[in-house]
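Quick notes on the structure that follows.
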Amino acid sequence: MKILVINSGSSSIKYQLINMEDESVLAKGLVERIGIEGSRLEQELSAGEEFEIKQDIPDHGVGMELVIDTLTDEDKGVISNVSEINAVGHRVVQGGDSFDKSVIVDEKVKKEIDRWASLAPLHNPANLMGIEVCEKLMPEATQVATFDSAFHQSMPEDVYMYALPYELYEKHSIRRYGAHGTSHKFVAEQAAKEMGKDIEDLKIITCHLGNGASVTAVKNGKSYDTSMGLTPLEGLVMGTRCGDIDPAIVPFVMEKEGLSPQEMDHLMNKESGFLGVSGISSDSRDIGEAASNGNKRAQLATNMFVYRVKKYIGSYIAAMNGVDAIVFTAGIGENAIDLREMICNDLDYLGIKVDSERNNVRAKITEINADDSKVKVFIIPTNEELVIARDTKLLMDN
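See below:
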């Protein structure tokens with residue numbers, strides 16, 4: 132069985148073609164700048180061969196046609212015909228409380244994806260567009276949707292509810308949904324395998340740290356709490372998102388700066404975080420370099436990020452009454468050696484100790500805790516595409 136995994140963004144399509152017999156990636160690529168000047172496709176084959184195609188890609192339909200043409204190309208392709216693709220697994224950011232697992236796409240599912248678009252306006256419409264394009268181009272292939280929010284549907288009511296008038300939940304479904312669920316699920320399961328234990332017997336804290344970042348408490352194999360909320364804005368300090376703030380700041384700044392609701396939303400989502408505090412960049416690598424050169428605002432942004440992650444780890448240890456393992460994943464989590472160590476420093480009271488030499492590694496499954504640490508600490512590269520492919524195959528098998 133060959134499964135094509137699609138992550139359709141507003142101006143991009145990420146894809147992987149996976150052979151599910153051995154879960155090997157036959158090809159992976161990116162179509163970017165769709166509808167924008169300078170559009171192109173980049174593809175890498177399993178043997179490491181890379182190539183690029185530059186051409187006008189006015190819409191997602193043309194983009195997906197290019198993906199299929201490239202995968203089936205006589206010289207550069209990996210399959211002879213599109214009919215070899217048995218199913219397409221799609222990443223969908225927001226499924227609200229409608230979906231607690233991956234589902235085969237039908238008209239009802241598509242309506243629900245559209246209904247929840249108000250909570251993910253940059254993502255759900257693009258995700259739905261990708262599904263509809265693939266339905267037209269691959270009518271024989273089964274389409275499956277995997278939701279970022281699904282893993283967090285196991286959160287208890289007293290955890291996911293906000294202390295607002297209950298009518299707002301009944302009328303508008305205002306509650307915490309979380310994100311990055313596919314990633315948190317994958318790395319938690321991998322950590323249990325590394326420990327040789329059943330995940331249902333473990334308490335794990337997973338730190339998905341990238342430009343977007345979240346921490347999840349995984350208790351007995353299920354999401355118990357997570358740092359993102361109704362939208363991805365809540366929680367940690369991120370590349371351009373502010374994370375947790377006093378909600379009274381919103382009307383205060385709007386009044387003082389004369390901002391509309393849309394402008395205030397843009398400020399918190401696109402002008403804050405690393406970028407807003409440092410004034411330099413939203414990229415943690417740029418922040419780290421500036422901080423090492425003595426830039427005080429870059430140092431401040433770094434310290435704020437570290438403190439917020441540390442605070443969530445501590446609160447989740449309290450919420451679960453303990454922790455067996457902490458996992459770092461995603462761009463920062465897998466690669467930022469110094470930040471990992473800063474986050475784990477001064478947590479020895481909780482039995483968390485990191486070995487500096489073991490921690491001196493990037494993007495590789497590694498146990499980085501000291502020998503006398505009571506808590507295991509892992510680096511585990513995330514693989515959301517594989518989770519989507521596995522869920523898709525399971526639905527096909529059933």
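Here the sequence shown is numbered in our numbering, starting from 132 and rising by one per residue.
Glycine included, every Cβ here is placed at the ideal spot set by N, Cα and C.
Where are the alpha helix (DSSP H) runs, 4 residues long or more, that stay fully inside the stretch 178-206, in chain order? Scanning the stretch 178-206 from its first residue to its last, the whole alpha helix (DSSP H) runs of 4-plus residues come out as 191-202.
How many whole angstroms separate the CB atoms of F509 and L340, which I take to be in contact at a CB cut-off of 8 Å? Actually they are not in contact, since the Cβ atoms of F509 and L340 sit about 13 Å apart, beyond 8 Å.
Spatially closest choice to N217 from M269, K232, P252 and N258, by CA coordinates: Among M269, K232, P252 and N258, the Cα nearest to that of N217 belongs to M269.
Environment of Y297 [buried if 16+ CB atoms lie within 10 Å]: Answer is exposed; the Cβ neighbour count stays below 16.
If we call anything under 7 Å between Cβ atoms a contact, is V566 one with S233? Here the chain has residues from 132 to 529 only, and residue 566 is not among them.
Taking the alpha-carbon of N212 as reference, which of G220, T201 and R222 has the nearest alpha-carbon? It is T201.
Identify every run of the alpha helix (DSSP H) within the stretch 349-428, keeping only runs that are complete inside it and at least 4 residues long; order them along the chain. The stretch 349-428 contains these whole alpha helix (DSSP H) runs: 380-388, 392-401, 404-409 and 415-423.
Around the C-beta of Y308, are 16 or more other C-beta atoms found within 10 angstroms, so that it is buried, or is it exposed? In this structure Y308 is buried. Its beta-carbon is surrounded by 16 or more other beta-carbon atoms within 10 angstroms.
So, do the stretch 175-185 and the stretch 220-236 have three or more beta carbon pairs nearer to each other than 8 Å? Contact fails: fewer than three Cβ-Cβ distances are below 8 Å.
Which of the three DSSP states is assigned to H221 in this structure? The answer is strand: DSSP assigns H221 an E or B state.
Enumerate in chain order the residues of its own chain whose CB-to-CB distance from Q430 is below 7 Å, with the five nearest sequence positions on each side excluded. Once the five neighbours on either side are set aside, the close Cβ partners of Q430 are A422.
Under 7 Å between the Cβ atoms of V346 and G404? Contact: no.
Three-state secondary structure assigned by DSSP to E173: Three-state result, E173: strand.
Out of R372, G352 and G407, state which residue places its alpha-carbon closest to the alpha-carbon of G360. The shortest C-alpha separation from G360 is found at R372.
The stretch 519-527 in contact with the stretch 474-485 per 3-pair CB rule at 8 Å: Because the criterion of three Cβ pairs below 8 Å is not met, the stretch 519-527 and the stretch 474-485 do not touch.
Span of the alpha helix (DSSP H) around K133: Looking at the DSSP string, K133 is not in any alpha helix (DSSP H); the run it does join, the beta strand (DSSP E), is K133 to S139.
Answer yes if the stretch 510-519 comes into contact with the stretch 460-467, meaning at least three C-beta pairs across the two stretches below 8 Å, and no otherwise. Verdict: yes, contact present.
Relative to the C-alpha of I376, which candidate in E388, S358, V223 and Q393 has its C-alpha closest? Comparing alpha carbon positions, the residue from E388, S358, V223 and Q393 closest to I376 is S358.
Whole angstroms is fine: what's the gap from A520's alpha carbon to I134's? When rounded, the distance between both Cα atoms is 6 Å.
Once the 5 residues before and after S391 are set aside, which same chain residues still bring their CB inside 8 Å of it? Within the same chain, S391 has close Cβ partners M385.
Output the distance between the C-alpha atoms of K495 and D486, rounded to the nearest integer angstrom. Answer to the nearest angstrom: the Cα atoms are 16 Å apart.
What are the uninterrupted segments assigned as alpha helix (DSSP H) that are 4 or more residues long and contained completely in the stretch 240-272, given in chain order? Along the stretch 240-272, the alpha helix (DSSP H) occurs as fully enclosed runs of 4 or more residues at 255-268, listed in sequence order.
So who's on the other strand from K492, going by DSSP bridges? As written in the sequence, residue 492 is Val, which differs from the Lys given in the question. In DSSP, V492 forms no bridge with anything.
Residue of M395, I144, L470 and G453 minimising C-alpha distance to A432: Of M395, I144, L470 and G453, the residue nearest in Cα terms is L470.
Going straight from the alpha carbon of V437 to that of A310, what length do you get? Taking the straight line from one Cα to the other gives about 20 Å.
Return yes when the Cβ of V518 is within less than 7 Å of the Cβ of G482, no when it is not. The answer is no: Cβ separation not under 7 Å.
According to DSSP, is T513 helix, strand or coil? Coil, per DSSP.
Cβ-Cβ distance between A322 and I336 below 7 Å: Contact check for A322 against I336 fails: the beta carbons are separated by 7 Å or more.
Roughly how many angstroms separate the alpha carbons of I380 and Q393, rounded to a whole number? Roughly 15 Å between the two C-alpha positions.
Please report the straight-line C-alpha distance between I144 and V219, rounded to a whole angstrom. Whole-angstrom Cα-Cα distance: 13 Å.
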